[in-house]
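To start, the structure under review is shown below, and the notes come after it.
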């Protein structure tokens, strides 16, 4: 049986300048070839850099990439692996404060929450709508999305204006 291949993206949302070559080395080692990222300044965080890297490789490479680059301080990243006809997709999110979050994804990139996780959320909630919402937010990785969202928008070359920094 042939090995199924997948593709995806590594989004380095913010990394200290000194960490950039180490991230390239770690990603290259995970995919088995040398890589060079096209780094640019991250306007949301002074002194930080950002990059996007499109990869392809055997199914499971997304997990290998996330494992290879997790654990460094001050690093915000996202790794995606698109689904294949034989495998689910995945999304790994990392922030310095929250650590890493994994979610299964479907063909459209939506997060898929499994039946057992939903049952667990309902059990923990014990009839409380507020607690059910909290558990589902955890399963969806809402806190990670909230923290990464400004860094994602900055990657669109959009000017970021922080109102609390005005004046």
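Residue numbers (the UniProt record's numbering): 1 to 167.
All residues carry an ideal CB built from backbone N, CA and C; glycine is no exception.
Counting the other Cβ atoms within 10 Å of the Cβ of residue 124 gives fewer than 16, which makes it exposed.
Between residue 90 and residue 81, the gap from beta carbon to beta carbon is short of 8 Å.
Residue 79 counts as buried, since at least 16 other C-beta atoms from the protein chains shown sit within 10 angstroms of its C-beta. By a beta-carbon distance limit of 8 Å, residue 108 does not contact residue 59. Their separation comes to about 19 Å. CA-to-CA, the gap between residue 137 and residue 112 works out to about 13 Å. Around the beta-carbon of residue 128, fewer than 16 other beta-carbon atoms lie within 10 Å, marking it exposed. Bridge partners of residue 112 according to DSSP: 104. Taking the Cβ atoms as the reference, residue 67 lies roughly 21 Å from residue 147, outside the contact range of under 8 Å. Looking from the CA of residue 122, the closest CA among 143, 135 and 114 belongs to 135. Membership of residue 7 in the beta strand (DSSP E) is indicated by the continuous run 5-16.
If you draw a straight line from the Cα of residue 12 to the Cα of residue 19, it is about 11 Å long. When the beta-carbon positions are compared, residue 15 and residue 98 stay at least 8 Å from each other.
In the DSSP assignment, residue 56 falls within the unbroken beta strand (DSSP E) covering 48-58. With distances taken between CA atoms, residue 92 lies nearest to 65 out of 114, 65 and 83.
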